[in-house]
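Student:
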Amino acid sequence: MADRLLTLEIFRYNPLTPNIPPRMQAYQLRETPGMSLFIALNQLREEQDPSLMFDFVCRAAVCGSCAMLINGRPNLACKTLTQDLPDKITLMPLPVFRLVGDLSVDTGVWFRDLSLRTESWIHTDKTFEAQGLEERMDNPTALSIYEAERCIECGCCIAACATANMRADFMGAAFLNRIARFLIDPRDERPAAQVFEVVGTDEGVFGCIGLMACDDLCPMEIPLQGQLAFVRRKMALAGLWGK
Amino acid sequence: MRTNWISLHHIPEGASVNLQKTLAKNPRWESGMELVQLVTGVFLLGFLQFHVMAVSTIILGAAAFNKDAQFLDEHYISYIGIPLVILAIFVHGLAAMRKAPWKFQEARVFLQHSRRLGHLDTWAWLVQIGTGMAVLVLGVIHIWSALLTWPIAAATSAARVQGGYFSFLLALLLVAEIHAMVGLYRILVKWSAYDRHKFVLHLIYATLFFVVLGLLALIVFLFINVKV
Ligand code: HEM
Ligand code: FES
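Chains as they are written, first to last, in the working numbering: chain A, 345 to 587; chain B, 105 to 332.
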């Protein structure tokens, strides 16, 4: 399959030069064996168009900064090989997040808000003993916390979500997955009734209509259907019986 | 114990706190609406499948059908059930349509998003909204026409089907079954962690069962010769 001539249609728009309207620009590129979109885009920028904007950091599916719409579907560009794609590839930036330019979006502010709003640290009245023994946790609990923590904050679930696309204030799967993580954790003493005040809403878990694009397209394959359903059940119970 | 957390401390960038939203925000109502949608949806689903099975007794003959209709009538099940179903349809319709893309711009965002994504579950929401509206219109006509010739009997029903209602009822059967079973799929996906790629097959078989059963009943009605 190598040696194909690839056509990359790339979304171009720089909000700093709004007089140049958004457009799709086509580039041609010879495919090399094992080529990833990371390699392809860098080659394009080096050889054809130095103005092209896109983000990569780890190029190993760890940092989450390279997520974009690849032929319409959100995925990590660094772990996507051109050999798995047709001759014509369209690339667009993730929707929902603030557009920095071309393929680059600002997921940082969004995820910082997430951490601040969920207060992503253990809330407990116990005083921490630096010299004491660590409290034990049973293995299934530890594993399900770890499952939620595998999120690399790439934003694919948010970009894939129809509700998040339509309604900017919807929390989305990454947010609700983080909520699940702290609801599971026995060390966190915040009761579900408190979480309910913010998450049992139309911006929260009840805004989700269950289209499951987040679950289908999560590059880390976090089981988001189960995570969201867990938060939904918890919140429904908290709403009914206040606990 | 801390009492405030999540967004009460931190206001997201670009968001603002204002009087009207602060006062209108009520998670109890918002989660309540979801439960209303769930409960009415499940009730209507149960009713629909019961109704299709009850009507299909015509396959066993006019006498069986009439006996059933009379039983429901004499025990007042029809007189409690029908108003309940009408009420449930309106309450369910209002609750379930609250998240539909009512604004033109929302609708465009949704359609463009769905087309880009090419994702079946996402399209299924549009199916759900479309079939829901169709059930509302066709269902009201259907209930109305049945009430006009009350009580329910094989002879009047056969006359209706043979008098040109066949395709109308077939369309109602199809949209109602598709809507109800996509709805059931959606409920399982939203509330459980069961593997949807597995249970979807069972749902498809169940849908086929009810559609074929209803279709058989309609065909029998089309050709039956009921002596009054
Ligand atoms: C025989 C009648 C009906 C049955 C059996 C039925 C069944 C269902 C079920 C089981 C659900 C899933 C509920 C949930 O996700 O919690 C649902 C959702 C829905 N229904 Fe119905 N329904 C009926 C009539 C209607 C009518 C008349 C309308 C509209 C006027 C409607 C509009 C909707 C919509 C838009 C949804 C999707 C809601 C969402 O996912 O946010 N339905 N229905
Ligand atoms: S560059 Fe880090 S995930 Fe792709």
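Quick reminder that beta carbons are idealized off the backbone N, C-alpha and C, glycines included.
Computed from a predicted model, the values in this text were never measured in an experiment.
Within its chain, find whatever has a CB closer than 7 Å to the CB of B:L326; leave out the 5 residues flanking it on each side and keep chain order.
Tutor: On the second sequence, position 222 is the one that residue 326 of chain B refers to. So the list reads V265, Q266, F270, once near-sequence residues are dropped.
Student: When every heavy atom of the ligand FES is checked, does at least one fall within less than 6 Å of the C-beta of A:G408?
Tutor: Here the question's residue 408 of chain A lines up with position 64 in the first sequence. Yes - the ligand FES has a heavy atom lying nearer than 6 Å to the Cβ of A:G408.
Student: Spell out whether any CB of chain B is found under 7 Å from the CB atom of A:A411.
Tutor: What you label residue 411 of chain A is simply residue 67 of the first sequence in a count that begins at 1. So, not an interface residue.
Student: At 8 Å on the CB atoms, spell out the chain C contacts of B:S218, in chain order.
Tutor: In the structure shown, chain C cannot be found, because the protein chains are A and B.
Student: To which residues does DSSP link A:A411 through a beta bridge?
Tutor: As a position in the first sequence, residue 411 of chain A is number 67, starting the count at 1. In DSSP, A:A411 forms a bridge with A:L420.
Student: Have a look at the DSSP bridge pairing and note the partners of A:S380.
Tutor: Taking the first residue of the first sequence as position 1, residue 380 of chain A is located at position 36. The partner list for A:S380 (beta bridge, DSSP) reads A:L425.
Student: Under 7 Å between beta-carbons, which chain A residues line up against B:L221? List them in chain order, please.
Tutor: Position 117 of the second sequence, counted from the start, is the residue given in the question as residue 221 of chain B. Those within 7 Å of B:L221 in chain A are G416, R417, A504, A557.
Student: By DSSP, does B:T226 sit in helix, in strand, or in coil?
Tutor: Mapped onto the second sequence, residue 226 of chain B falls at position 122. In the structure shown, the three-state DSSP call for B:T226 is helix.
Student: Measuring only from the beta carbon, is A:R511 closer than 6 Å to any heavy atom that is part of the ligand HEM?
Tutor: In the first sequence, residue 511 of chain A corresponds to position 167, counting from 1. Result no, Cβ not under 6 Å from the ligand HEM.
Student: Where A:N509 and B:L139 are concerned, what is the direct C-alpha to C-alpha distance, given to the nearest angstrom?
Tutor: In the first sequence, the residue the question calls residue 509 of chain A occupies position 165. In the second sequence, the residue the question calls residue 139 of chain B occupies position 35. So the alpha carbons of these two residues sit roughly 24 Å apart.
Student: Using CA coordinates, which residue listed in A:W585, A:I354, A:I364, A:L520 is at the minimum distance from A:K432?
Tutor: Taking the first sequence and counting its residues from 1, the one referred to as residue 432 of chain A is at position 88. Nearest option by C-alpha distance: A:I354.
Student: Closer than 6 Å to a non-hydrogen atom of the ligand FES - does that hold for the CB of A:C495?
Tutor: Numbered from its first residue, the first sequence carries residue 495 of chain A at position 151. Placement of the Cβ of A:C495 at a distance of 6 Å or more from every heavy atom of the ligand FES is found.
Student: Kindly indicate if chain B contains any beta-carbon less than 7 Å away from that of A:N589.
Tutor: One cannot answer for residue 589 of chain A here, as it falls past the ends of chain A, which runs 345 to 587.
Student: In whole angstroms, give me the CA-to-CA distance for B:L123 and B:S135.
Tutor: As a working mapping, residue 123 of chain B is identified with position 19 in the second sequence. As a working mapping, residue 135 of chain B is identified with position 31 in the second sequence. Between the alpha carbons of B:L123 and B:S135 lies a gap of roughly 22 Å.
Student: Using a Cβ-Cβ cut-off of 7 Å, state whether B:L326 counts as contacting chain A.
Tutor: Counted from its first residue, the second sequence places residue 326 of chain B at position 222. So, not an interface residue.
Student: Please classify B:K302: is it buried, with 16 or more other beta-carbons within 10 angstroms of its beta-carbon, or exposed?
Tutor: The count along the second sequence starts at 1 and reaches residue 302 of chain B at position 198. Exposed, by the Cβ-count rule.
Student: Just checking B:R290 against the ligand HEM - is the residue's beta carbon closer than 6 Å to any of the ligand's heavy atoms?
Tutor: Walking along the second sequence from the start, residue 290 of chain B turns up at place 186. The answer is yes for B:R290.
Student: Below 8 Å, how does it come out for the region 137–153 of chain B and the region 280–295 of chain B: are there three or more Cβ pairs, yes or no?
Tutor: yes
Student: What residue does the beta strand (DSSP E) around A:R442 start on, and which one ends it?
Tutor: As a position in the first sequence, residue 442 of chain A is number 98, starting the count at 1. Segment 442–445, the beta strand (DSSP E) holding A:R442.
Student: To be precise: take each residue of the region 521–544 of chain A, compare its Cβ to all Cβ atoms of chain B, and keep it if any distance is under 9 Å. Which residues remain?
Tutor: I523, E533, R534, P535, Q538, V539, F540, E541, V542, V543, G544
Student: With a CB to CB cut of under 6 Å and the five nearest residues on each side skipped, what residues in its chain are close to B:I282?
Tutor: Here residue 282 of chain B refers to the residue found at position 178 when the second sequence is read from its first residue. Excluding sequence neighbours, B:I282 sits near T235.
Student: Spatial neighbours of A:I383 within its chain, please: C-beta separation below 8 Å, excluding the five flanking residues on both sides.
Tutor: Numbered from 1 along the first sequence, position 39 holds the residue referred to as residue 383 of chain A. For A:I383, where only same-chain residues beyond five positions count, the Cβ hits under 8 Å are T376.
Student: By DSSP, does A:N358 sit in helix, in strand, or in coil?
Tutor: What you label residue 358 of chain A is simply residue 14 of the first sequence in a count that begins at 1. Assigned with DSSP and collapsed to three states, A:N358 falls in coil, not helix or strand.
Student: From which residue to which residue does the beta strand (DSSP E) around B:K203 run?
Tutor: Indexing the second sequence from 1 puts residue 203 of chain B at position 99. Per DSSP, B:K203 belongs to no beta strand (DSSP E) and is neither H nor E.
Student: Measuring only the C-alpha atoms, how far is A:A536 from A:G583?
Tutor: Walking along the first sequence from the start, residue 536 of chain A turns up at place 192. Walking along the first sequence from the start, residue 583 of chain A turns up at place 239. When rounded, the distance between both Cα atoms is 9 Å.
Student: Should B:K207 be counted as a contact of the ligand HEM given a C-beta to heavy atom distance under 6 Å?
Tutor: On the second sequence, position 103 is the one that residue 207 of chain B refers to. Not so, every heavy atom of the ligand HEM lies at least 6 Å from the Cβ.
Student: Residues of chain A with a CB under 8 Å from the CB of B:F214: which are they?
Tutor: In the second sequence, the residue the question calls residue 214 of chain B occupies position 110. Within chain A, the residues near B:F214 are A506, N509, M510.
Student: Examine the ligand FES and report whether any of its heavy atoms sits within less than 6 Å of the Cβ of A:A405.
Tutor: As a position in the first sequence, residue 405 of chain A is number 61, starting the count at 1. Yes, Cβ of A:A405 sits closer than 6 Å to a heavy atom of the ligand FES.
Student: Would you mind telling me which residues of chain A sit closer than 7 Å to B:W295, beta carbon to beta carbon, in chain order?
Tutor: Looking up residue 295 of chain B in the second sequence gives position 191. Going along chain A in sequence order, the residues near B:W295 (Cβ under 7 Å) are A573, R576, R577.
Student: Along the chain, where does the alpha helix (DSSP H) containing A:M579 start, and where does it finish?
Tutor: As a working mapping, residue 579 of chain A is identified with position 235 in the first sequence. Here the alpha helix (DSSP H) through A:M579 covers 568–585.
Student: Beta strand (DSSP E) containing A:A374: first to last residue?
Tutor: For the purposes of this step, residue 374 of chain A is identified with residue 30 of the first sequence, where counting begins at 1. Correcting the residue identity first, residue 374 of chain A is Arg in this sequence and not Ala. Element bounds for A:R374: 367–374.
Student: Give the residues of chain A in contact with B:R300, contact being defined as C-beta atoms less than 9 Å apart.
Tutor: Working through the second sequence from its first residue, we reach residue 300 of chain B at position 196. Going along chain A in sequence order, the residues near B:R300 (Cβ under 9 Å) are M556, D559, Q569.
Student: Which residues, in order along the region 120–147 of chain B, keep a beta-carbon less than 8 Å from a beta-carbon of chain A?
Tutor: K129, P131, R132, E134, S135, G136, M137, E138, L139
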